[in-house]
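Data block below; observations after.
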Amino acid sequence: MTTWGDPDAPLVVLALHGRGRDPDDMRATAARFGDVPARFVALAAPGGSWYPKPFLEPFDENRDALLRALDVVDDRLARLADDGVGRDRVVLWGFSQGACLAAHHLLVRDPRPCAGLVLFTGGFVGPDPVPAPPGGSLAPTPAVLRSISHDPWVPAHRVEETASLLVAGGARVDLRIDDGDEHVITDEACAAAAGLLHAVAVGGRL
């Protein structure tokens, strides 16, 4: 685990890296957000991967590792709560495999509001649809979802499906899918994430 930023900031960003990446990768991306009102807590997956197979493979191929990864997120959220940082001050942020983990956590494992959600190129895990969270269960969580139209790992339709489920649960979703075929985080995506953090810190809306 790696942490950085103002320890007295109003928000904590729980950062989940992509496959083959690490917390330092998330820190480098966070630097592109500029000066934001948040302390970052970046978790590290064992061996650099939260689960072994591509996220659209049959669910059983990833089940055990995914459940352990979801437990890691639960544990860190509980530790933050013990330190006085409730979900109303926590923003979940993930890239690629980490975005899939964050999406699956909020939609399936624990569909309750949090301060915000930032998903860079990811969606819920598994080839099959998942049930929509109970209506209003995620309200009023603001969410920024960004991806690339022909990303080599994450199809745009899964990002769109994830956005629809978040909306069904009451989240306020800002979705944008840019043209391209690379697995990248755009400058616009970083600006949108920073905008979410600034808005939430002052109690505003996206």
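In terms of this note's numbering, the sequence shown is residues 1 to 206.
C-beta: ideal position from N, C-alpha, C; glycine also.
- Query: Hey, quick one: how far does the alpha helix (DSSP H) through Gly195 stretch, first residue to last?
  - Reply: Asp187 to Ala201
Continuous beta strand (DSSP E) stretch holding Gly98: start and end
Taken as a continuous stretch (DSSP letters only), Gly98 belongs to no beta strand (DSSP E), being part of the alpha helix (DSSP H) at Gln97 to His104.
How many whole angstroms separate the CB atoms of Val72 and Leu43, which I take to be in contact at a CB cut-off of 8 Å? 6 Å
Are the CB atoms of Val91 and Leu56 nearer to each other than 8 Å?
no
(Q) Restricting to Cα atoms, I'd like to know which of Pro58, Ala191, Arg112 and Phe40 is closest to Asp74. (A) Arg112
- Who does Pro142 pair with in a DSSP beta bridge? Arg172
Exercise. Quick one: residues in its chain with C-beta nearer than 7 Å to the C-beta of Leu80, no 5 flanking neighbours on either side, listed in chain order?
Key: Val12 and Val90
Under the three-state DSSP convention, the category Phe40 falls into
strand
By Cβ distance below 6 Å, which residues in the same chain neighbour Leu166 in space, the five residues on each side in sequence not counted? Ala143 and Val173
field: Cβ-Cβ separation, Val108 to Phe124 (assumed contact under 8 Å), whole Å
entry: 7 Å
Proximal residues to Gly18 (C-beta, below 6 Å), its chain only, five neighbours per side dropped: Phe95, Ser96, Gln97 and Gly98
What's the C-alpha gap between Thr29 and Glu161? 25 Å
Would you mind sorting His150 into buried or exposed? The rule is 16 or more other CB atoms within 10 Å of its CB.
exposed
Might you give, ordered along the chain, the residues of its own chain that have their beta carbon closer than 6 Å to the beta carbon of Gly170, omitting 5 neighbours on each side?
-> Gly136, Leu138 and Ala139
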